[in-house]
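Asks: In this note's numbering, the protein residues as written are 4 to 275. Next up is a structure, given as structure tokens.
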């Protein structure tokens with residue numbers, strides 16, 4: 004279960020020839036013009052959001068961008084390619100924005116935001132304000148209640164954006180270390196759910212079903228698999244059947260977990 008991951012780096016390139024630079028980034032580096040909202044939905048650790056801005060600005064703001072491109076390379080690779088391809092003359096200045104970090108929290112875990120803000124003396128800002136005020140050694144933290152192993156429209160859930168004066172790699176290490184503590188302490192009305200999932204099969208294909216189950220637990224980030232074992236299920240008096248049991252901890256309520264598990268009982272043709 005993933006609680007945090009880094010997102011794209013923000014690279015601001017000041018230029019008075021932005022059409023030429025944009026064409027180069029599109030044709031040579033696979034850049035794609037994109038809106039800021041869509042860019043965040045598709046952002047990933049191995050890509051960059053490149054903002055082309057006019058020269059002579061005292062501060063770098065999202066609103067000043069003449070073009071925004073989602074580019075499937077890190078900021079260092081982009082700058083290396085610009086220099087090696089003889090395009091450095093198109094630049095007046097290059098500047099990195101704050102690092103982006105995504106953190107998953109429980110639906111009732113918004114107190115986590117306040118705790119991180121207090122511990123790191125952070126500021127709650129809008130997205131554009133955070134990018135404008137943040138420096139290369141700062142981190143912008145987005146919060147979401149959704150799974151973060153796939154791209155998500157992180158800014159669509161109306162949760163605040165937090166700016167902290169800590170480099171993104173250090174902040175990610177800190178949150179990874181403390182995530183379970185933060186989440187457990189934020190659960191005021193509920194707690195982690197413990198599930199014991201039994202796998203049955205009259206034909207003995209337990210390991211095949213286990214593989215499918217573990218794939219779903221991992222892909223949908225249902226929780227932590229804590230152990231596996233063989234067991235006997237005494238469904239009726241004087242009658243028991245063999246089952247393979249998986250024990251997990253999850254933040255998801257029983258109804259949602261049950262819905263997912265029932266889905267596993269059907270094949271591709273919809274037969275149960």
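Don't be surprised by glycine CBs; every beta carbon is placed ideally from N, CA and C.
What does a CB cutoff of less than 6 Å around residue 135 pick up in its chain, not counting 5 residues either side in sequence?
Replies: Hits under 6 Å: 64.
Asks: In the DSSP assignment, find the beta strand (DSSP E) that holds residue 248 and state where it starts and stops.
Replies: Here the beta strand (DSSP E) through residue 248 covers 242-253.
Asks: Residue 62: buried (16+ other C-beta within 10 angstroms of its C-beta) or exposed?
Replies: Exposed is the call here.
Asks: Is the distance from the Cβ of residue 248 to the Cβ of residue 177 below 8 Å?
Replies: Their beta carbons are not under 8 Å apart, which means residue 248 does not touch residue 177 by this criterion.
Asks: Is it the case that the Cβ atoms of residue 74 and residue 51 are separated by a distance below 8 Å?
Replies: Contact flag set, yes.
Asks: Counting Cβ pairs, one atom from each stretch, are 3 or more of them under 8 Å apart for the region 30-45 and the region 263-273?
Replies: No: fewer than three Cβ pairs fall under 8 Å.
Asks: Closer than 8 Å is the cut-off here; do at least three beta carbon pairs connect the region 182-196 with the region 135-145?
Replies: With a cut-off of 8 Å, the region 135-145 and the region 182-196 do not count as touching, because too few Cβ pairs lie within range.
Asks: Taking Cβ to Cβ, would you say residue 5 is nearer than 8 Å to residue 84?
Replies: Their beta carbons are not under 8 Å apart, which means residue 5 does not touch residue 84 by this criterion.
Asks: I'd like to know whether the C-beta atoms of residue 105 and residue 10 end up nearer to each other than 8 Å.
Replies: It is a contact, given that the beta carbons lie within the stated cut-off.
Asks: Considering only DSSP beta bridges, list what residue 96 is partnered with.
Replies: 17.
Asks: Buried or exposed for residue 89, going by 16 or more other Cβ atoms inside 10 Å?
Replies: Exposed: under 16 other Cβ atoms inside 10 Å.
Asks: Buried or exposed: where does residue 230 fall if 16 or more other Cβ atoms within 10 Å of its Cβ makes it buried?
Replies: Label assigned to residue 230: exposed.
Asks: Is it buried or exposed, residue 141, if we count other Cβ atoms within 10 angstroms and call 16 or more buried?
Replies: Residue 141 comes out buried.
Asks: How about residue 251 and residue 198: do their beta carbons lie closer than 8 Å?
Replies: Yes. Within cutoff.
Asks: Taking residue 222 as part of the alpha helix (DSSP H), name the residues at either end of that continuous run.
Replies: Where residue 222 is concerned, the enclosing alpha helix (DSSP H) stretches over 209-222.
Asks: Starting from residue 196, follow its DSSP beta bridges and name the residues at the other end.
Replies: DSSP output for residue 196 lists 253 as bridge partner(s).
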